[in-house]
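Residue numbers (the numbering used here): 266 to 367.
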Amino acid sequence: MEKEQFMHRLTELRMKKGVSARDMSLSLGQSAGYINNIENGVNLPSMSVFFYICEYLGITPKEFFDTDSPDPTKLNELLSAAKGLSSTQIETLISLAKEIKK
């Protein structure tokens, strides 16, 4: 993933969470403009801060880089809701998802 893609992905996921760059920065224990600087290409986070960013967003690092999933948090919510379903119920859910995707 290129730097520009990283910046856009972070912005996309932060906005889906419904938080400002300032609030996210402060929640991560960083300066008020930290996330804004990343989203504008001024800086990139260290690896440890990147992991905190993912944790804050409720996603894994793999999900951050998986741009085919525009809302990994909602996908995780769907997977959690599907746990405990029978095989028949899961097949029904899969069929429904395929039908919606058409």
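Yeah, the Cβ is synthetic: ideal placement off N, Cα and C, and Gly gets one too.
Contact between the stretch 290-298 and the stretch 330-349 is absent: fewer than three C-beta pairs spanning the two stretches fall below 8 Å. Along the stretch 313-366, the alpha helix (DSSP H) occurs as fully enclosed runs of 4 or more residues at 326-330, 337-347 and 352-366, listed in sequence order. Inclusion of TYR299 and SER285 in the CB contact set at 8 Å is not warranted, their separation being larger than that value. The beta carbons of ILE324 and PRO335 sit no closer together than 8 Å. Shown here for LEU309: same chain residues with a beta carbon closer than 8 Å to its own, the five before and five after excluded, namely LYS268, PHE271 and ILE303 in chain order. Excluding the 5 residues flanking it on each side, ASP331 has no same chain C-beta neighbour closer than 6 Å. When rounded, the separation of the alpha-carbon atoms in LYS367 and ASP333 is 16 Å.
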